[in-house]
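Residue numbers (full-length UniProt numbering): 1 to 255. What follows is one structure encoded as structure tokens, with my remarks underneath.
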Amino acid sequence: MTHPPRHHGLPPRRPNIGITPDWIDASPEAPFARYELKVPYADAVLRSGGLPFVLPYTEDPLCVEAYLDRVSGLLVTGGAFDIPAEAYGETPGEGMGALKEGRTSFETAIMRAALKRNMPVLGICGGMQLLNVVLGGTLHQDIARELPEAREHEQKHDRTQPQHPVDVREGSLLAEAVGRGQLMVNSTHHQAVKKPGPQVTVSAVSSDGVIEAIESSAHLFAVGVQWHPEYMLNNLPVHGGLYKVFIQKARDHRR
């Protein structure tokens with residue numbers, strides 16, 4: 001059997017990117033629970049050369065592995081919920097927000113499995129916090145209570161606009177994606193990385209000392225950022241660099 005010749009100048013193959021959705025409980029107005037994914041996540045993957053696929057939750061390890069057989073990278077999204085304190089060896093304190101234990105259980109399982117395969121992983125906001133926990137780190141349960149001198153990290157204005165600067169550290173994967181030095185970011189979180197995991201390096205910090213980005217030194221590409229770059233692609237295009245590097249690493253993973 002012969003195959004048609006490859007034509008030079010074709011765009012590169014789009015790697016499949018698995019994206020974790022949020023979970024919305026049933027209500028009197030909407031009697032069925034539903035998955036929800038904010039459009040900017042999928043748009044950022046598409047604009048960066050990837051092919052996005054939403055991953056419904058499962059407790060079956062075989063299904064988790066089947067998902068990963070079909071994707072080249074994993075994007076773990078954020079949401080208005082907290083990771084249970086027990087997941088990092090603490091007890092819940094004042095200031096803890098709502099939990100979505102089914103979501104966290106699934107995201108933990110698929111993140112662990114992806115990291116075991118050395119598959120590229122990108123964690124956004126809560127996804128960064130989960131990455132640190134999965135890699136053995138801990139979290140500040142509530143910035144305002146534990147770090148009273150910190151700035152406000154839950155901006156009230158348009159989230160397509162930045163809130164504060166972070167310092168991107170030279171030599172990091174993040175610096176490869178967006179450049180080193182000062183970067184303006186948006187901010188929508190009340191928790192943050194407290195103690196990085198044993199093989200986690202800090203790649204960006206805000207001026208008040210809050211850790212804003214991490215990456216694993218033990219994996220090809222396991223990066224987390226505390227902000228939402230996908231919200232700012234039009235206003236601050238530099239943020240698209242993170243998705244572009246992620247997609248390229250995913251493309252390389254399947255070669």
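No residue lacks a Cβ here, since even glycine has one placed at the ideal position from N, Cα and C. Bear in mind the structure is a predicted one, so any value in this text is a computation, not a measurement.
Exercise for the section: Please report the Cβ distance between residue 340 and I211, rounded to the nearest whole angstrom; I am assuming they are in contact, meaning their Cβ atoms lie under 8 Å. Expected result: Since the displayed the chain opens at 1 and closes at 255, residue 340 lies outside it and no answer follows.
Problem - Reduced DSSP category for Y57 - H, G, I as helix; E, B as strand; rest coil - result: Collapsing the DSSP output to three states places Y57 in coil.
Exercise for the section: Name, in chain order, the residues that DSSP records as bridge partners for P52. Expected result: DSSP links P52 through a beta bridge to I17.
Exercise for the section: Name the two residues that bound the continuous alpha helix (DSSP H) containing V185. Expected result: Element bounds for V185: not the alpha helix (DSSP H) but the beta strand (DSSP E), G181 to V185.
Exercise for the section: Hey, could you find the ends of the alpha helix (DSSP H) G136 is sitting in? Expected result: Element bounds for G136: n/a, residue is neither H nor E.
Handout entry: Beta-carbon proximity list for T77, same chain, < 8 Å, skipping 5 on both sides
Key = Same-chain partners within the cutoff: I19, T20, P21, D22, L37, K38, Y41, I124, C125, G126 and G127.
Exercise for the section: Determine contact between the region 92-100 and the region 150-163, defined as no fewer than three beta-carbon pairs at a distance below 8 Å. Expected result: Segments in contact, no.
Exercise for the section: Quick one: grab the DSSP three-state call for H164. Expected result: strand
Handout entry: Enclosing alpha helix (DSSP H) for V210 [first to last residue]
Key = Looking at the DSSP string, V210 is not in any alpha helix (DSSP H), and its letter there is neither H nor E.
Problem - Buried versus exposed, by CB contacts within 10 Å (16 or more), G240 - result: buried
Problem - Backbone secondary structure at R145 - three-state DSSP - result: Residue state for R145 is assigned as helix, using DSSP reduced to three classes.
Handout entry: Residue burial classification, E101 (beta-carbon count within 10 angstroms, cutoff 16)
Key = An exposed status is given to E101, since fewer than 16 other beta-carbon atoms sit within 10 Å of its beta-carbon.
Problem - With 16 other Cβ atoms within 10 Å as the buried cut-off, status of Q191 - result: buried
Practice task
In angstroms with no decimal places, state the Cα-to-Cα distance between R159 and V245.
Solution key: 23 Å
Problem - Terminal residues of the beta strand (DSSP E) in which E36 lies - result: R34 to E36
Problem - Collapsed DSSP secondary structure at I83 in the structure displayed - result: coil
Exercise for the section: Measure the Cβ-Cβ separation of K195 and T138 and say whether it is below 8 Å. Expected result: yes
Handout entry: Backbone secondary structure at V71 - three-state DSSP
Key = coil
Exercise for the section: Indicate whether residue 256 and V168 have their beta-carbon atoms separated by less than 8 Å. Expected result: Outside the displayed span of the chain (1 to 255) sits residue 256, for which this structure offers no information.
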